[in-house]
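S.K.: This is the structure I want to talk about, given as structure tokens.
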Amino acid sequence: MDLKKKYENWNVAVRSLFWSGALKVLYNELSELDFNVVGLQGTQLESGIQKFDNFALFTSGLESKKHDFGCSFYVSETCLKYFNDFKIINERICCLRLKAKWFSCTLTHVHAPTNEKTEVINEEFYNLLEQNVNQIARLDIKIILGDFNAKVGKESLYKPTIGNESLLNETNNNGIKMIQFVMSKGLNVRSTMFAHKDVHKETWFIIRGQDSEPNRSRFN
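Be aware that the sequence shown starts at 0, since it is given in numbering that gives the first Met the number 0, and climbs by one per residue.
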């Protein structure tokens, strides 16, 4: 299995996988792009594994019937033969383990609290994330993907954990938390290390008024 090939991360629009026909639209889009493994945030589905003719959806959601948050892995039929384990943690974190012939890879998928959430909520999230990353088999390839709700700049203080290719110049509080966590695990923020056009570095932007500058976000 070539893990350098075709894994991706999408932030799904509100309730976009909860309405009738949404999963068919999802499959049509991802099969056209030929992605094998995709991390999806905000799916608002219940926890469990749903298997279809051409793909499977592995979801870690809320225990209640309330449709909110939820993170999922889309795994194509081609890649399902490498499936080894799926760990449901909560509506913000889940893990997928893929096992090839010579190695295994654990993908940890996250949807971090926003920058406006309290320090207690953010600390709980990172403590839980650390607990689960620490439980990954030592020889596994470790990849953490998802929406950290973080803005990462280009400060030399954080290099070589970050690269020079971020859209922004300054890191916000959530970005600092993410970088500190990544550094503690000996990882790096790969999305800041490859040259892309600026338009491809934006996740979204908001214009808050007619005369306001856009609030552009670079999520990692």
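C-beta: ideal position from N, C-alpha, C; glycine also.
By DSSP's criteria, residue 94 is part of a beta bridge. Which residues make up the other side?
M.R.: 86, 107, per the DSSP bridge assignment.
S.K.: When you compare the CB of residue 111 with every CB in chain B, is at least one pair closer than 8 Å?
M.R.: Of the protein chains in this structure there is only one, and it is not chain B.
S.K.: Nearest-angstrom Cα distance between residue 68 and residue 118?
M.R.: Approximately 19 Å between the Cα atoms of the pair.
S.K.: What did DSSP end up calling residue 145 once you bin it into helix, strand or coil?
M.R.: Residue 145 falls in the strand class under three-state DSSP.
S.K.: Using only the alpha-carbon positions, how far apart do residue 175 and residue 161 sit?
M.R.: Rounded to whole angstroms, residue 175 to residue 161 spans 11 Å at the Cα level.
S.K.: Going by other Cβ atoms of all chains shown within 10 Å of its Cβ, with 16 needed for buried, is residue 105 buried or exposed?
M.R.: Label assigned to residue 105: buried.
S.K.: Between the alpha carbons of residue 137 and residue 46, how many angstroms are there, rounded?
M.R.: C-alpha separation (whole angstroms): 27 Å.
S.K.: Taking contact to mean at least 3 C-beta pairs separated by less than 8 Å, is the stretch 107-116 in contact with the stretch 128-143?
M.R.: Result yes; three or more Cβ-Cβ pairs closer than 8 Å.
S.K.: Take residue 148 as the anchor and find which of 182, 24, 41 has the nearest alpha-carbon.
M.R.: For the residues 182, 24, 41, the minimum Cα distance to residue 148 belongs to 41.
S.K.: Near residue 113, what residues of its chain come up, given a Cβ to Cβ distance below 7 Å and the 5 sequence neighbours on each side ignored?
M.R.: These residues qualify, in order along the chain: 148.
S.K.: Report yes or no: do three or more beta-carbon pairs, one from the stretch 164-173 and one from the stretch 89-99, lie closer than 8 Å?
M.R.: Contact fails: fewer than three Cβ-Cβ distances are below 8 Å.
S.K.: Out of curiosity, what's the CA-to-CA distance linking residue 48 and residue 58?
M.R.: If you take the alpha carbons of residue 48 and residue 58, they lie about 6 Å apart.
S.K.: Using only CA atoms, which one of 23, 35, 43 lies nearest to residue 51?
M.R.: The residue with the shortest Cα to Cα distance from residue 51 is 23.
S.K.: Along the beta strand (DSSP E) that carries residue 156, what are the first and last residues, could you check?
M.R.: Neither: residue 156 is in no beta strand (DSSP E) and is coded neither H nor E.
S.K.: Please classify residue 179 as buried or exposed, where buried requires at least 16 other C-beta atoms within 10 Å of its C-beta.
M.R.: Exposed: under 16 other Cβ atoms inside 10 Å.
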